[in-house]
Each structure stands twice: as C-alpha cells, then as structure tokens.
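Worksheet: the structure to be examined is printed underneath.
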Ligand code: AMP
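In the numbering used here, the protein residues as written are 730 to 1168.
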C-alpha cells in the first residue's frame, strides 16, 4: 500500500467530508490531480458521486469517519463543513495518526464560538465591530440601549449562517430576542449572544491556508449572503459568488494580511490553539479600514466553487503540504480569468421549502460552465432535491462580465418546481469596475 512518501506517484486515496457544492468543487479539483488515485466522500451527493465513491456516513459521525479512513488507509482527508471540525474530527484523526486538513476542535472555536472569537480579536487587537456579550434578554436590552440602530444580533454558536440578524428598531430587536431566549429557536447555540455595532461597507471573503506558521492566501472572492436581489431578505448560506472579488484593492489585501491574518495565526498559536487548515475571514471594508465580521474555520461555500475554477496548482499537493506542517513559502497560482457562481435554490429557502422535487438538467453545451451539486440525491433513477440550495451553476471566462453571462445563460437549464436564484450576482461589482476604469 502506497503511503505517499513522495509526491510523484499516482497513489493517493483521498476522503472529502461533506455533502455540498463546496465539497463537490473540492472533489472535482482533486480528481484533476495526477497524485490522486481514489476519492471517497462522506456522505457526498449525487454530483459528487460523479467524481468520487460516496459512503453513507454523516458529517457529524466523526468516529465512523475516522474508522473508515483508518480501514481504507486514506492518505488525506479534507473536511468541508464546520460541524465536524467543531466536534473535533481533526483531534480524532491526529490521535490515530491519520492525515487530515483542518483545525483542531480548540482552534475551530474561532468559528464555533462568536464569543471566543470576539474576545480573541479584542485581546490581539484585530480590527472588528464593537460588541457586548449578553446572557439574557435583559442584558441584551441594556446593550441595545447603548447601541445605535441598525444593530446586529448574533447567536454564539453554529446556526448554518442563519444566526445573525440586523435589527432596525427596538420592536424588531424585541421580537428577535423573544425567538432566541423564549422560543429557543437556536437551542443551546444561543445561550449567549452578541449585540454588535452595525458596520457599513462592502463585504469580501479573505481566506488563507496555513500550517500554523506559514500561510498562503487564496484568491479573494465575494459572496452574496442575502436571499433576494438588491441585498434584501434573510441571510442564507450564500446565493452566489465571484472571484476576483473586484472590490479588494491589492493595498487593502496587504493590510488584511498584516492586521488580521498574521496576528490571528500568531495569536492562536500563543493561545495554545495552533491553527491549521483554511482560515476564512469574512470582512467588511469600512471607511476606517477592513474589519472582521466573522471567522470561519473552513473553506467558503459558495466561494470555493469559484476559487477551484481559478486555482492552477494541484490541490492535493498543496493540502498535503499543510497537513505535514510543510507549507514553507509556497504561493498559490491563480488563472488570470474570472469565475462566477449562482446558486439555484428552492423557493422559501432559508425558511420553509419543499424537499423531494425532481430536478431536471437540460444539456449545457458550454465547456466553461461547471455544475456543482449541493442538495441533490438520486432515488429510483430520479434526481431529487434534499436541501434548500440545490446546484451551484459556475463558469469561468476572461472577464467577470463574460463569466456571469455564461452562468446566467445556463441557470434556466436547471429546472424543478420552485427553482429560484438571484438575478443580480456580480452586477454591482461590475459597476465598480467600470467606475475605476479611466474615461
Ligand atoms: P456572520 O455570520 O457574522 O458573517 O454574519 C452574516 C452576515 O451578516 C454578514 O455576511 C453580514 O452581511 C452581516 N453582518 C454580520 N455582522 C455585521 C456587522 N457588524 N455589521 C453589518 N453587517 C453584519
């Protein structure tokens, strides 16, 4: 059995943990690596099944996943979602000497606990929004008296991207606090909450991969979290993305590295929580400079979809270096073209929506368009949806406007009852590009 001593033989067995379009994009990119022989996914989806063998183990079943990796002598496991990371999948794998890409349970608290994350940022002077930590409705009401509206209320724990709300009035705040503390909508994830200053500006996602000491930035991307056009409606897991982010100037990116990424990696090591894997900073570019809205402890969804279309390097080789603590001065190379993604979701998402709709995909004869599946499952020969986000339609092209045109030409080809998608992904960014081009 080959155990990947050197990086020049086609022999790796890789396991991807997760079932979304992000994991499909990762598996798709790994499939292009000459180093990779076999790819497994736990649990995967109908699209991932086209490039990997799917095994029916849920993402929260970290012992079963480790048992599987041990039995099959998996050379590299890549974890997509945050849940297994915050449950300690990396610690379980390390105990068994199994290579895995991602942060330990303690390091993943940077995403898993917004309270830890806020206190960490304060301690290491990492620029972020002012916030007050509250344990009860009364504390939250007091905190809101000290904050202007709009204000931001965030539950401490994981809530699938849905635990943040912007409230415009005391009435809205009171209603939301009732949902949190009385109706327990978020269960224990909301035992503590943050009442946070509302920041204005443009949002951008900045990710690096790190072995705990060295890091290599990913191409910045912009994601669109609001459900509806014009940045309206509730927050979702993400409705679209593009890379380049367009709005992030190189000098601002350098400032992000200096004031946010480096102090975070050093600070986490200092705290005895050495951070390895993907460190994702969700940023607001304010007039006073970039501010952290949140940290995520894994790759973004839907940012990964566009980043994988642009990555020139061998993903397996790069991730393996990180897991070996051997990133060195490796730099990632990105295709000099743009990539865009629009998520086809089900009407009602992120609230109530139908599952089990039959999904039809009409032929798309554009080689630059790639579909990454999210909530799809094959049953009785039929493709059905089993989640709110169903398929990421992605494309790459020399310019962002061409990439978006390709995506929007292909989006209607995904057909099911209640299919919907945002029509405005990237348009404001395109306007900004126009504004920066001299007349
Ligand atoms: P988070 O999960 O913390 O990234 O929050 C989800 C979304 O809520 C972000 O992408 C922003 O659109 C919005 N948001 C979070 N925190 C703030 C803030 N302090 N000011 C303005 N918007 C925010």
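For each residue, glycine too, the CB sits at the ideal point set by N, CA and C.
query = How would you label residue 741, buried or exposed, when you count the other beta carbons within 10 angstroms and need 16 or more for buried?
reply = Position 12 of the chain shown, counting from 1, holds the residue named residue 741. Looking at its Cβ environment, which holds 16 or more other Cβ atoms inside 10 Å, residue 741 is buried.
ask   = For residue 1003, which of helix, strand or coil comes out of DSSP?
value = Here residue 1003 is taken as the residue at index 274 of the chain shown, counted from 1. DSSP places residue 1003 in coil when its eight states are reduced to three.
ask   = To the nearest angstrom, how far is it from the Cα of residue 1124 to the Cα of residue 1098?
value = What you label residue 1124 is simply residue 395 of the chain shown in a count that begins at 1. What you label residue 1098 is simply residue 369 of the chain shown in a count that begins at 1. Their backbone Cα atoms lie some 4 Å apart in a straight line.
request  = Compute the beta-carbon to beta-carbon distance between residue 847 and residue 923, rounded to the nearest angstrom, for a pair I have assumed lies under 8 Å.
outcome  = Numbered from its first residue, the chain shown carries residue 847 at position 118. Numbered from its first residue, the chain shown carries residue 923 at position 194. About 6 Å; that satisfies the 8 Å criterion.
inquiry  = Taking 9 Å as the threshold (C-beta atoms), are residue 1060 and residue 945 in contact?
reply    = On the chain shown, residue 945 is found 216 positions in, with the first residue counted as 1. On the chain shown, residue 1060 is found 331 positions in, with the first residue counted as 1. Yes, they are a contact pair.
Proximal residues to residue 842 (C-beta, below 8 Å), its chain only, five neighbours per side dropped = In the chain shown, residue 842 corresponds to position 113, counting from 1. Correct list, in chain order: 885, 886.
Proximity below 9 Å, CB of residue 1122 to CB of residue 1070 = Within the chain shown, numbered from 1, the residue matching residue 1122 stands at position 393. Within the chain shown, numbered from 1, the residue matching residue 1070 stands at position 341. Contact flag set, yes.
ask   = Rounded C-beta distance between residue 940 and residue 1005? I'm assuming under 8 Å.
value = Taking the chain shown and counting its residues from 1, the one referred to as residue 940 is at position 211. Taking the chain shown and counting its residues from 1, the one referred to as residue 1005 is at position 276. Residue 940 to residue 1005, Cβ: 6 Å. Contact.
query = What separation, rounded to the nearest whole angstrom, lies between the Cα atoms of residue 1093 and residue 1139?
reply = For the purposes of this step, residue 1093 is taken as the residue at position 364 of the chain shown. For the purposes of this step, residue 1139 is taken as the residue at position 410 of the chain shown. For residue 1093 and residue 1139, the distance between alpha carbons rounds to 7 Å.
query = Got a sec? Which residues, its chain only, sit under 8 Å from residue 917 by beta carbon, not counting five neighbours each side?
reply = Here the question's residue 917 lines up with position 188 in the chain shown. Only 886 meet the Cβ criterion.
key: DSSP state of residue 853 mapped onto helix, strand, coil   = What you label residue 853 is simply residue 124 of the chain shown in a count that begins at 1. Coil, per DSSP.
ask   = Are three or more beta carbon pairs between the segment 811-822 and the segment 752-759 nearer than 8 Å?
value = no
inquiry  = Given 8 Å as the limit, tell me if residue 1022 has its C-beta closer than that to any heavy atom belonging to the ligand AMP.
reply    = What you label residue 1022 is simply residue 293 of the chain shown in a count that begins at 1. Answer for residue 1022: yes, Cβ within range of the ligand AMP.
ask   = Is the CB-CB distance between residue 838 and residue 830 below 9 Å?
value = Translated into the one-based positions of the chain shown, residue 838 becomes position 109. Translated into the one-based positions of the chain shown, residue 830 becomes position 101. In this structure, residue 830 does not lie closer than 9 Å to residue 838 by Cβ.
Distance between residue 1037 and residue 852 (C-alpha atoms, nearest Å) = As a first step, residue 852 is located in the chain shown; it is residue number 123 there, counting from the start. As a first step, residue 1037 is located in the chain shown; it is residue number 308 there, counting from the start. If I take the Cα positions, the gap works out to 34 Å.
query = Is the beta carbon of residue 803 less than 9 Å from the beta carbon of residue 765?
reply = Taking the chain shown and counting its residues from 1, the one referred to as residue 803 is at position 74. Taking the chain shown and counting its residues from 1, the one referred to as residue 765 is at position 36. Not a contact, by the Cβ cut-off of 9 Å.
ask   = Between residue 996 and residue 960, what straight-line distance do the alpha-carbon atoms span, to the nearest angstrom?
value = Within the chain shown, numbered from 1, the residue matching residue 996 stands at position 267. Within the chain shown, numbered from 1, the residue matching residue 960 stands at position 231. Distance between the alpha carbons of residue 996 and residue 960: 34 Å.
query = Would you call the CB atoms of residue 968 and residue 951 closer than 9 Å?
reply = Numbered from 1 along the chain shown, position 239 holds the residue referred to as residue 968. Numbered from 1 along the chain shown, position 222 holds the residue referred to as residue 951. Going by C-beta atoms, residue 968 is not nearer than 9 Å to residue 951.
Buried versus exposed, by CB contacts within 10 Å (16 or more), residue 840 = On the chain shown, residue 840 is found 111 positions in, with the first residue counted as 1. When all chains shown are included, residue 840 counts as buried.
ask   = If we call anything under 9 Å between Cβ atoms a contact, is residue 792 one with residue 745?
value = For the purposes of this step, residue 792 is identified with residue 63 of the chain shown, where counting begins at 1. For the purposes of this step, residue 745 is identified with residue 16 of the chain shown, where counting begins at 1. Cβ atoms of residue 792 and residue 745: not closer than 9 Å.
key: Where residue 789 falls: helix, strand or coil (DSSP)   = Translated into positions along the chain shown, residue 789 becomes position 60. Looking at residue 789 - three-state DSSP - the assignment turns out to be coil, as it is neither helix nor strand.
Reduced DSSP category for residue 982 - H, G, I as helix; E, B as strand; rest coil = Counting from one through the chain shown, the residue named residue 982 turns up at place 253. DSSP places residue 982 in helix when its eight states are reduced to three.
key: Anticipated Cβ contact below 8 Å, residue 1074 with residue 1144, distance rounded   = As a working note, residue 1074 is residue 345 in the chain shown. As a working note, residue 1144 is residue 415 in the chain shown. Not a contact, Cβ separation roughly 14 Å.
task = Using the DSSP secondary-structure output, state which residues sit across from residue 1063 in a beta bridge.
result = Here the question's residue 1063 lines up with position 334 in the chain shown. Looking at the DSSP output, residue 1063 bridges to 1040.
request  = May I ask you to report which of helix, strand or coil DSSP gives residue 746?
outcome  = For the purposes of this step, residue 746 is identified with residue 17 of the chain shown, where counting begins at 1. Strand at residue 746.
Buried or exposed by the 16-neighbour rule on C-beta atoms within 10 Å, applied to residue 795 = As a first step, residue 795 must be located in the chain shown, where it is residue number 66. Buried, since its Cβ has 16 or more Cβ neighbours within 10 Å.
inquiry  = Under 8 Å: does the beta carbon of residue 853 sit that close to some heavy atom of the ligand AMP?
reply    = Within the chain shown, numbered from 1, the residue matching residue 853 stands at position 124. Answer for residue 853: no, Cβ out of range of the ligand AMP.
query = Could you give the distance in angstroms between the alpha-carbon of residue 1003 and the alpha-carbon of residue 1090?
reply = As a position in the chain shown, residue 1003 is number 274, starting the count at 1. As a position in the chain shown, residue 1090 is number 361, starting the count at 1. Approximately 44 Å, taken between the alpha carbons.
inquiry  = Just to confirm my understanding: we take residue 909, look at its own chain, exclude 5 residues before and 5 after, and list those with CB closer than 7 Å. What are they?
reply    = Reading the chain shown from its first residue, position 180 is the one you call residue 909. These residues qualify, in order along the chain: 884, 915, 919, 922.
task = Would you kindly report the start and end of the unbroken alpha helix (DSSP H) that includes residue 806?
result = Along the chain shown, read from residue 1 onward, the residue named residue 806 stands at position 77. Where residue 806 is concerned, there is no enclosing alpha helix (DSSP H), although the beta strand (DSSP E) it sits in stretches over 805-808.
Buried versus exposed, by CB contacts within 10 Å (16 or more), residue 1171 = There is no way to answer for residue 1171, as the model of the chain reaches only from 730 to 1168.
Inter-residue CB distance, residue 953 and residue 1151 (contact presumed, cutoff 8 Å) = Looking up residue 953 in the chain shown gives position 224. Looking up residue 1151 in the chain shown gives position 422. About 6 Å; that satisfies the 8 Å criterion.
task = Look at the Cβ atom of residue 904, then the Cβ atom of residue 861, and state whether they are nearer than 9 Å.
result = Along the chain shown, one-based indexing puts residue 904 at 175. Along the chain shown, one-based indexing puts residue 861 at 132. It is not a contact, given that the beta carbons lie outside the stated cut-off.
inquiry  = Please give me, in chain order, every unbroken run of the alpha helix (DSSP H) with length at least 4 that falls completely inside the segment 845-928.
reply    = 866-874, 899-906
key: Close Cβ partners of residue 1045 (< 8 Å) along its chain, the five nearest in sequence each way excluded   = On the chain shown, position 316 is the one that residue 1045 refers to. Excluding positions up to five away in sequence, the list reads 741, 743, 759, 762, 764, 765, 805.
query = Do residue 1133 and residue 1100 come within 9 Å of each other at the CB atom, strictly closer than that value?
reply = Position 371 of the chain shown, counting from 1, holds the residue named residue 1100. Position 404 of the chain shown, counting from 1, holds the residue named residue 1133. It is not a contact, given that the beta carbons lie outside the stated cut-off.
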